[in-house]
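Enquirer:
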Amino acid sequence: MRTAIVAGVVVAFIALVLTLGAGDALGPNAFVVIGVSQGCVYGLVALGLVLVYKGSRVFNFAQGEFGTFAAYFVFLMLEQWKLGIPYIVAALLAVLAVILLGLAMERVVVRPLLNAPRINLLVATIAFALFSISMQLILFHPEPHVLDPLVSKLPGVPATGLEIFGFTVEPQRLLIVALLAVLAGVLGYFFSRTDLGLAILGTSQDAFATRVVGIGVERMSRFIWAAAAGLGAIAGILFVPLTGALTPGVMTTGVLIPAFTAAVIGGMTSLPGAFVGGIIIGLIQSLSNWAAGHYHIGGDLIQAKIPGTPDIMLVAILLIVLMIRPQGLLGSEA
Amino acid sequence: MTNVLEVKNTGIRFGGLVALDDVNITVPEWEIVGLIGPNGAGKTTLFNCIMGAYQPNTGSIWYRGRDISLLATHRRTALGIGRTFQNIGLIRGLTVLENFMVAEHSRISYGAWGALLGMPRSFAEERRLKRNAMEVLDFIGLPHLADSHLDGLPYGTLKLIEVGTVLATDPDLLLLDEPSSGMGPDEAHEFGERLLKLRQTLNLTVLMIEHHVPLVVGVCDYVYVLNFGKILTEGKPQAVREHPEVVAAYLGGEAVDHTSEADPNTEPEDAGAPA
Amino acid sequence: MSTAEATATLEPVESTRFTPSAQGWIARLVVHVLIFGGALLITAMVPGYWAFRISLAAIYAIIGLSLNVVLGYVGQVSLGHHGFVGIAAFISAWYVTTKAGCSLEQGCSLSSFFVATALAVLSGGVAAGLLGLVALRIRGLYLALITLSYGFMAETAIFQIPALTRGGAGMPAPAPDGFTSDNRYAFLTLAFLALVIYIDWRLIRSKVGRAILSIKHSEPVAASYGINVTAYKTMAFVLSGMFAGLAGALLAFRVENVVSNDFDFSLALLWVLMVVVGGLGNRVGVVVGSAFFALFPFILSSFGTLKNFFDKHAIEPELVGLALGAALALFTIISYQGGIGEQLSPLTRWLGGKPFTRHPEEHAAPKGHQRKKLLSRMGLDKSGETPTEESAAVETPSEPVEEDA
Chain P
311 MRTAIVAGVV VAFIALVLTL GAGDALGPNA FVVIGVSQGC VYGLVALGLV
361 LVYKGSRVFN FAQGEFGTFA AYFVFLMLEQ WKLGIPYIVA ALLAVLAVIL
411 LGLAMERVVV RPLLNAPRIN LLVATIAFAL FSISMQLILF HPEPHVLDPL
461 VSKLPGVPAT GLEIFGFTVE PQRLLIVALL AVLAGVLGYF FSRTDLGLAI
511 LGTSQDAFAT RVVGIGVERM SRFIWAAAAG LGAIAGILFV PLTGALTPGV
561 MTTGVLIPAF TAAVIGGMTS LPGAFVGGII IGLIQSLSNW AAGHYHIGGD
611 LIQAKIPGTP DIMLVAILLI VLMIRPQGLL GSEA
Chain L
351 MTNVLEVKNT GIRFGGLVAL DDVNITVPEW EIVGLIGPNG AGKTTLFNCI
401 MGAYQPNTGS IWYRGRDISL LATHRRTALG IGRTFQNIGL IRGLTVLENF
451 MVAEHSRISY GAWGALLGMP RSFAEERRLK RNAMEVLDFI GLPHLADSHL
501 DGLPYGTLKL IEVGTVLATD PDLLLLDEPS SGMGPDEAHE FGERLLKLRQ
551 TLNLTVLMIE HHVPLVVGVC DYVYVLNFGK ILTEGKPQAV REHPEVVAAY
601 LGGEAVDHTS EADPNTEPED AGAPA
Chain G
-5 MSTAEATATL EPVESTRFTP SAQGWIARLV VHVLIFGGAL LITAMVPGYW
45 AFRISLAAIY AIIGLSLNVV LGYVGQVSLG HHGFVGIAAF ISAWYVTTKA
95 GCSLEQGCSL SSFFVATALA VLSGGVAAGL LGLVALRIRG LYLALITLSY
145 GFMAETAIFQ IPALTRGGAG MPAPAPDGFT SDNRYAFLTL AFLALVIYID
195 WRLIRSKVGR AILSIKHSEP VAASYGINVT AYKTMAFVLS GMFAGLAGAL
245 LAFRVENVVS NDFDFSLALL WVLMVVVGGL GNRVGVVVGS AFFALFPFIL
295 SSFGTLKNFF DKHAIEPELV GLALGAALAL FTIISYQGGI GEQLSPLTRW
345 LGGKPFTRHP EEHAAPKGHQ RKKLLSRMGL DKSGETPTEE SAAVETPSEP
395 VEEDA
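Protein chains in written order, with my numbering: chain P, 311 to 644; chain L, 351 to 625; chain G, -5 to 399.
1. Taking all protein chains shown into account, do 16 or more other C-beta atoms lie within 10 angstroms of the C-beta of residue 350 of chain G, making it buried, or fewer, making it exposed?
2. Is the beta carbon of residue 193 of chain G within less than 7 Å of some heavy atom of the ligand ATP?
3. Under 8 Å, do residue 412 of chain P and residue 376 of chain P count as touching if we go by C-beta distance?
4. If you drop the 5 nearest sequence neighbours on each side, which residues of the same chain put their C-beta closer than 8 Å to that of residue 208 of chain G?
5. Can you pull out the residues from the segment 393 to 412 of chain L whose beta carbon lies closer than 9 Å to at least one beta carbon of chain G?
6. According to DSSP, is residue 621 of chain P helix, strand or coil?
7. Please classify residue 374 of chain G: is it buried, with 16 or more other beta-carbons within 10 angstroms of its beta-carbon, or exposed?
8. Are the C-beta of residue 452 of chain L and some C-beta of chain G separated by less than 8 Å?
9. If you measure from the beta carbon of residue 435 of chain L to each beta carbon in chain G, is any gap under 8 Å?
10. Have a look at P/536, P/593, P/553, P/398 and flag the residue whose alpha-carbon is nearest the alpha-carbon of residue 410 of chain P.
11. Return the Cβ separation of residue 333 of chain G and residue 270 of chain G in integer angstroms, given the expectation that the two are a contact with Cβ distance under 8 Å.
12. How is residue 328 of chain G classed by DSSP in three states: helix, strand or coil?
13. Roughly how many angstroms separate the alpha carbons of residue 416 of chain L and residue 522 of chain L, rounded to a whole number?
14. Check whether the Cβ of residue 202 of chain G lies closer than 8 Å to any Cβ atom in chain L.
15. Once you ignore the five residues that flank residue 578 of chain L on each side, which residues in its own chain have a CB closer than 6 Å to its CB?
16. Closer than 8 Å, Cβ to Cβ, to anything on chain G: give me those residues from the segment 439 to 461 of chain P, in chain order.
17. For residue 626 of chain L, decide whether its Cβ has a neighbour in chain G, counting only Cβ atoms nearer than 8 Å.
18. Quick one: what does DSSP say residue 524 of chain L is sitting in, helix, strand or coil?
19. Within the continuous beta strand (DSSP E) that includes residue 410 of chain L, where are the two ends?
20. Going by other Cβ atoms of all chains shown within 10 Å of its Cβ, with 16 needed for buried, is residue 501 of chain L buried or exposed?
21. Answer yes or no: do residue 168 of chain G and residue 77 of chain G have a C-beta to C-beta separation smaller than 8 Å?
22. Got a sec: is the Cβ-Cβ distance from residue 64 of chain G to anything in chain P below 8 Å?
23. Expressed to the nearest angstrom, what Euclidean distance is found between the alpha-carbon atoms of residue 372 of chain P and residue 308 of chain G?
24. Using the Cα positions of residue 397 of chain L and residue 386 of chain L, report the straight-line distance between them to the nearest angstrom.
25. With distances taken between CB atoms, is the gap from residue 176 of chain G to residue 104 of chain G smaller than 8 Å?
26. Give a yes or no on whether 8 Å exceeds the smallest Cβ distance from residue 85 of chain G to chain P.
27. Taking only beta-carbon atoms, is residue 142 of chain G less than 8 Å away from chain P?
28. Starting from residue 128 of chain G, trace the beta strand (DSSP E) in both directions and tell me its first and last residue.
29. Tell me, to the nearest whole angstrom, how far the beta carbon of residue 324 of chain G is from that of residue 437 of chain P; I am working on the premise that it is less than 8 Å.
30. Go through its chain and collect everything with a Cβ distance to residue 329 of chain P's Cβ below 8 Å, but skip five positions before and after it.
31. What do you get for residue 598 of chain L, buried or exposed, if any count of 16 or more other CB atoms within 10 angstroms of its CB means buried?
32. Starting from residue 557 of chain L and walking both ways along the alpha helix (DSSP H), at which residues does that stretch end?
33. Grab me the residues of residue 548 of chain P's own chain with a C-beta within less than 6 Å of its C-beta, minus the 5 sequence neighbours each way, in chain order.
34. Taking 8 Å as the threshold (beta carbon to beta carbon), is residue 372 of chain G in contact with chain L?
35. Taking residue 385 of chain P and residue 599 of chain P to be in contact with their CB atoms under 8 Å, please state how far apart those CB atoms are, rounded to whole angstroms.
36. Once you ignore the five residues that flank residue 344 of chain G on each side, which residues in its own chain have a CB closer than 8 Å to its CB?
Laid out in C-alpha cells, this is it:
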C-alpha cells in the first residue's frame, strides 16, 4: 500500500514537471528523462545492494564492480578478441560470467564470514572491489576505452538522438527505462509468487531463524549473490556506454554512492524501495544540475555552477534520512 | 533517616509496549531493599532508568534528595551509584587489572589531553592506579589473574571480579542485578552473609533484583514486587512472600509474557542501524 | 570505611607476574637499538629516491595510526579519510604559498612550515570531529556509508575550490629550509612518526585509551563506570583527524605541490585495507603494515627482471602493490584476523618485557587455598567447612519459586 502511494507520488511529480516544462528548450524536461533513466540504473544497482543486505546483512561495496567487470568483459570479447558474435550474445555471456563471479565470491568470502562481525564482511567486499579495480588498471590501463551501447546494434534505431517532446534523448536511455520496467514486472512476479522469492522477501534478522523455518539458507545465499551479480552486470553493460568512457572502476566511482543513497532512501530492506529510491535520486541529481545552471542536453557531461552541488545534496539527503528516518521510505527496520 | 534513592511515578514505554507504569520505590539509607517479580516484569528496565541508560517518559529519579533525572549516566556514577549487570558488567576486551583501572576512571586526576602528551602527573597517577587495582585484586584473592583476559574465566570468578570493580568505584548505593544467578543454594547463602558484612564495613545501601527467595527473605529489609511494569505490592519480605497475588504471579497464572526487556547491555545486531 | 581504607591494612598476596632478568632487559635493549638505529642509519645512507620512498612509508604509518584510532580503538569504519588528509594538505600548502610568501624558488622558512602543519592538524581535527558528532547517533555500516559520502563530497566540492586548490595545477608547498633534500625530509617524517607513536602509546596506557576501548566493547558498562561516552567518542575522532591532518601536511611538503588527483577515494579504501592487514588495534602491526604497503611496489620494481616485465607490459608496480594488498586483506579477514600484528606478537610482547612465547599462557583458575584466604579476609571463614567449588560453567538461574517451608 505504502509502495503504491510513494510510487504514485513520484509518477505524479514527473508528469507535472513534464507538462509544465513542455516546449521549453532550456526547461527541465530533458533532465527529467535523463534523471529517470539514470535513476533506473541506480535502482538496478540499489536492488543488488538491498538483496545482499537482506541476505548477508552487509553493504556490498563490490556491487559496482560487478558492472564494471561485465562492461570490460563485453569490450574484451568484441573489441580485443574480436569474436564475431552479436552484441546481445556477448552481453549475455558477460552477465553469466559475472554471475559465476558472484557465486565464487559467496563461496570464498561470504560463507567463511557467516558468523563474523558484519564490519569484517564489509571490509572484505571493499578488498574485493579494490582488487577488481587494480586488476582492471593492470590489464586495461587507465585510458578510457569506448564501449558501444547495446542500442546501437539494434536494427532501426537512429545512431544519434531520438526526438521526443522537442528535445533529444539518447535511445540507450529509453532502452534502460523500458528494460527496467520489464525487469520490475518480472521481479515483482518472482518475489510474490515463487517460494524462493517469498522466502527472500521475508528474510528475518538472522540465518538461524530462517533455517529453523526450513528454508535452505545456503541456497538462498547463493541465489542472492548470483542475482546481485547479475543485476550489477546488467547495470554496467547498459550504463557504461552512456558515459562514453570505460575506465577501471567506472561503476564504483560513478554509480555506487548514489545507488547506496537510493537504497537507504528506499529502505535497505525493501526491494521496491530500491527502485523508487533510485528514481528519486536520479531525479534529484539531474534536476539539481538543471537548477544550478546547466549546459548541453543530450547525453553530454553536465557541469554545475557550484562545483559538486549534486553530490553535496546527496550527502545532505543521506545524513537527513539516516538521522530522521533510518528505515527509509519503505523499509521495515527500526 | 535519609532516603538514598527515590523513584517517583516512573513510567517508560517502548513503542506500544508499556515497560514501567507509575512505579514508586523508596530506598532508605543502609537498608537492603529487594525487587522481585517474574521475568519480563521490568526490573532491569527500572535499573536502566535509575542509572540513566533509559530516559523515562514520566516521573523522576531522586538521589539523596536531589533530582537526577536529567543527569548522564557517568554523572550518576560519580554521585555514588554503583551497578552490576545481569550478564556480568565487565569489559570483555580488557584484562582483569585493566577492568579495575577503568572502574576507578572517575577518580583519576589527570586531564585527558595532558595524558596524551605524557605529562608527568599522568605517569604518577597511572602508577598509583595500578597499585590500587592490584591491592583490590589481592583483597579478593585473585592477583594471579591480573593480566588475564576475561574469556575462559569461570562464571563465579567473573562475578567476583565484577563485585570488586563495582566496589572500587566506592559507591554509596549499590544496584545489584540478580547477584545470585548461577549460584547454588549454599553459595547464595554465603553471598548473603557477605553482603550483610559489606553493608556494615562499607556503609552501603542496596537495591537488589533477585529471584532467589531464601536470599531475599534472609537479607532484605523491605521488598517490592514488580509485575507487568507495575508495583504489585510491597512490604517486609515475609509478608510479601505470603501475599496471595505474589504467589499467583510466581506460581500459576504467570502470563507467557515474552516481550523482552530491551537490555542495553546486550549488544544490538551489528547492522548498526541508528539506535 | 571505603574499599580503599578496608584494603589498605592488608598485606599483599605474592605477585606471580613475570619480570625479565638483567640479561633479559639488556637483550631487549640491544634489539630495540638495532631496530631503531638500523632504521635511522638506512635513512641516512640510502640514495635520494629511496629516502623519498621512506618518507612515504613514514607518512602512511601515520595515516595507518590515525585510521587505527577509529577502526581499531573505536571500532568504526571510516572510508573518507582521504578527505581529512587532502583538506589538510591543501590548507598547509595554501598557507605557505599565499600567507607566508613561500615559493619554490625562495624556499620556505621552518617557522612557516610549523604554522602550516599546525593549521593542517587543526583542520583535520575539526573535520574529523564533525564526523565524530555524527558518529554519536549513527554507527556501523550506515556510518561507513556516511564517511564514504563525506570523503566523496570533499573530492567533488572542497577540492574544487580554486582559491584553495588552484585547479589542475595544484597548490605549491615548498619544503622547509634545511629539509629540502630527500634524506633529510625522510628524517623529518620519521621524527613526526615517532611523535605520533608516542602519543598513541600514551593514549592506550592512560585512562583515555581504556575509556575508548571500554566504550567499544560495552557502552553501558563503560557509562556505569563513570566514563563520559560522548566526550571520549568525540575525542577519539578528533585525535584521528589530527593525525590525519599531520599526514596531509607532510604529504604536501614531500611532493611540494598538492593536486586533487592525489587524494582519490581508492586511497581511503587502500588505507583501510592497510590497517586491516597490519592488525586492528595493534600499533606495531599497523606501522609495519602501512610501511609495507608504501614500500612494497617500490621494492618490487628494484628487482631487474621484474622491472623489465613491468615495463614490457606497461604495468605500474603501484598497481601490483594495490592488487596484492587487496588480496592480502581478504586473506587476513578470512583467515588471520590479527594481521601482521598478531604474527609479530611473540616478538613485540618479548620486547615489552614479557617472556617469549608463541602462545600466552592462561592463568589457572583460583584453587582451593585461594578461596580460603578470600573468606578469611572477608571475616567470613567458618573453620572446618570446605569451601564450595567455583562454578565452572554458566548455570541456569535458580528457580524463582521456593517450596514453602
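No residue lacks a Cβ here, since even glycine has one placed at the ideal position from N, Cα and C. Every value quoted in this text rests on a predicted model; they were computed, and no experiment measured them.
Expert: This is what the structure gives:
1. With fewer than 16 other CB atoms across the displayed protein chains lying within 10 angstroms of its CB, residue 350 of chain G is exposed.
2. In the structure shown, the ligand ATP is absent, as is every other ligand, since no ligand is present at all.
3. Between residue 412 of chain P and residue 376 of chain P, the gap from beta carbon to beta carbon is short of 8 Å.
4. Excluding positions up to five away in sequence, the list reads 215, 216, 219, 221.
5. Result list: 398, 401, 402, 403.
6. In the structure shown, residue 621 of chain P sits in a helix (DSSP, three-state: H, G or I).
7. Because residue 374 of chain G sits at a pLDDT of 43, beneath the cut-off of 50, its placement in the model cannot be relied upon, and the following sentence gives the value as read from the coordinates. Result: exposed.
8. In terms of beta-carbon proximity, residue 452 of chain L lines the interface with chain G, with at least one pair separated by less than 8 Å.
9. Output row for residue 435 of chain L: interface = yes.
10. Answer by Cα proximity: P/536.
11. Between residue 270 of chain G and residue 333 of chain G the Cβ distance is about 6 Å, and since that is below 8 Å, they are a contact.
12. In the three-state DSSP reduction, residue 328 of chain G falls in the helix class (H, G or I).
13. CA-to-CA, the gap between residue 416 of chain L and residue 522 of chain L works out to about 15 Å.
14. Yes, contact with chain L.
15. Cβ neighbours of residue 578 of chain L within its own chain (closer than 6 Å, five residues either side excluded): none.
16. Flagged, chain order: 439, 440, 441, 443, 444, 445, 447, 448, 451.
17. Because chain L spans 351 through 625 in this model, residue 626 of chain L falls outside it and cannot be assessed.
18. In the displayed model, residue 524 of chain L falls within a strand according to three-state DSSP.
19. Unbroken beta strand (DSSP E) run through residue 410 of chain L: 408 to 413.
20. With fewer than 16 neighbouring CB atoms inside 10 Å of its own CB, residue 501 of chain L falls in the exposed class.
21. In this structure, the beta-carbon distance from residue 168 of chain G to residue 77 of chain G does not fall below 8 Å.
22. It does not: the Cβ of residue 64 of chain G has no partner Cβ on chain P nearer than 8 Å.
23. About 26 Å.
24. Distance between the alpha carbons of residue 397 of chain L and residue 386 of chain L is about 12 Å.
25. Residue 176 of chain G places its beta carbon 8 Å or farther from that of residue 104 of chain G.
26. Interface annotation, residue 85 of chain G: not in contact with chain P, CB-CB separation never under 8 Å.
27. At a cut-off of 8 Å between beta-carbon atoms, residue 142 of chain G makes contact with chain P.
28. No beta strand (DSSP E) holds residue 128 of chain G; the alpha helix (DSSP H) holding it covers 104 to 131.
29. Residue 324 of chain G to residue 437 of chain P, Cβ: 5 Å. Contact.
30. Closer than 8 Å at the Cβ level, and outside the excluded window around residue 329 of chain P, lies no residue.
31. Classification of residue 598 of chain L: exposed, given that the 10 Å Cβ count is below 16.
32. Judged by DSSP secondary structure, residue 557 of chain L falls outside any alpha helix (DSSP H) and instead within the beta strand (DSSP E) spanning 555 to 559.
33. 486.
34. Confidence in residue 372 of chain G is poor, its pLDDT being 48 and thus under 50, which makes the residue's placement unreliable; the coordinate value appears in the next sentence. Output row for residue 372 of chain G: interface = yes.
35. With 8 Å as the limit, residue 385 of chain P and residue 599 of chain P do not qualify as a contact, their Cβ atoms being about 28 Å apart.
36. Within the same chain, residue 344 of chain G has close Cβ partners 22, 350.
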